[in-house]
Amino acid sequence: MGVLGTSLDRYAVLRNRSLQDAIGERHLLVSQFPSGQPTHRSNFPLRNKTMALLSDATLIVEAAANSGTRHQGWEAIRLGRPVLFPKRSLERQSPHWADEMIRYGAFSFDAGTLPLVLDDLPSRCVGSASRADDLPF
Numbered sequence: 032m033g034v035l036g037t038s039l040d041r042y043a044v045l046r047n048r049s050l051q052d053a054i055g056e057r058h059l060l061v062s063q064f065p066s067g068q069p070t071h072r073s074n075f076p077l078r079n080k081t082m083a084l085l086s087d088a089t090l091i092v093e094a095a096a097n098s099g100t101r102h103q104g105w106e107a108i109r110l111g112r113p114v115l116f117p118k119r120s121l122e123r124q125s126p127h128w129a130d131e132m133i134r135y136g137a138f139s140f141d142a143g144t145l146p147l148v149l150d151d152l153p154s155r156c157v158g159s160a161s162r163a164d165d166l167p168f
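Here my numbering is used: position 71 in the sequence shown is 102, and no number is missing along the way.
What follows is the structure, given as structure tokens:
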């Protein structure tokens, strides 16, 4: 599923047009913006909020201090959805804002704790897999 910060008939990044079209043809595209609506910078925080609403959890692997990923993480925390950070990515970048999210309920995991994290997520998050060991990754 792709959640757009534009209407379905527009492309935020023209070089990604073929990817957006492929997702729309084979999977699902979601937009809260009506067809023909011009794209504004303010669309993208709204899109990030929509992604947090549609997701059972938010996994942040890497994000710049001013990225929309941070906004989605805060929206997820506000909505009571889990926000997860791989410990390895925190060790590499150690962003100050991630520490603040962790103080508000986000948490980090590693290979050893990943099965516990996945077991705590709502069952619809893992599709047809009944246990973390059954996942393909």
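Where a beta carbon is used, it is the ideal one built from N, C-alpha and C, also for glycine.
The structure displayed is predicted, hence computed values, not measured ones.
Reference residue i, options the options, closest by Cα
i	options	result
Gly136	Arg41, Thr144, Gly143, Leu115	Leu115
Leu90	Phe64, Arg41, Trp105, Thr70	Trp105
Leu59	Pro126, Ser66, Gln51	Gln51
Phe64	Ile54, Tyr42, Ala95, Ala53	Tyr42
Met32	Val44, Phe75, Pro76, Arg57	Arg57
Trp128	Asn97, Gly36, Arg72, Ile54	Asn97
Leu110	Arg46, Ala83, Val44, Gly99	Ala83
Ser120	Gly99, Ala142, Ala107	Ala142
Cα-Cα separation between residue i and residue j, rounded to whole angstroms
i	j	result
Ser86	Arg112	8 Å
Arg48	Val61	15 Å
Met132	Phe138	8 Å
Gly36	Asn74	5 Å
Ala95	Arg72	17 Å
Beta-carbon contacts of residue i that lie in its chain and below 7 Å, excluding the five residues immediately before and after
i	result
Phe140	Leu115, Pro117, Lys118, Val148
Ser38	Ser62, Phe64, Pro65, Ser66, Gly67, Gln68
Where residue i falls, given that 16 or more other Cβ within 10 Å makes a residue buried
i	result
Arg101	buried
Pro126	buried
Arg78	buried
Gly55	exposed
Ala53	exposed
Pair within 8 Å by beta-carbon distance, residue i and residue j
i	j	result
Val34	Thr70	no
Ala88	Leu152	yes
Contacting residues, own chain, Cβ-Cβ under 6 Å from residue i (five flanking each side not counted)
i	result
Leu45	none
Pro76	His102
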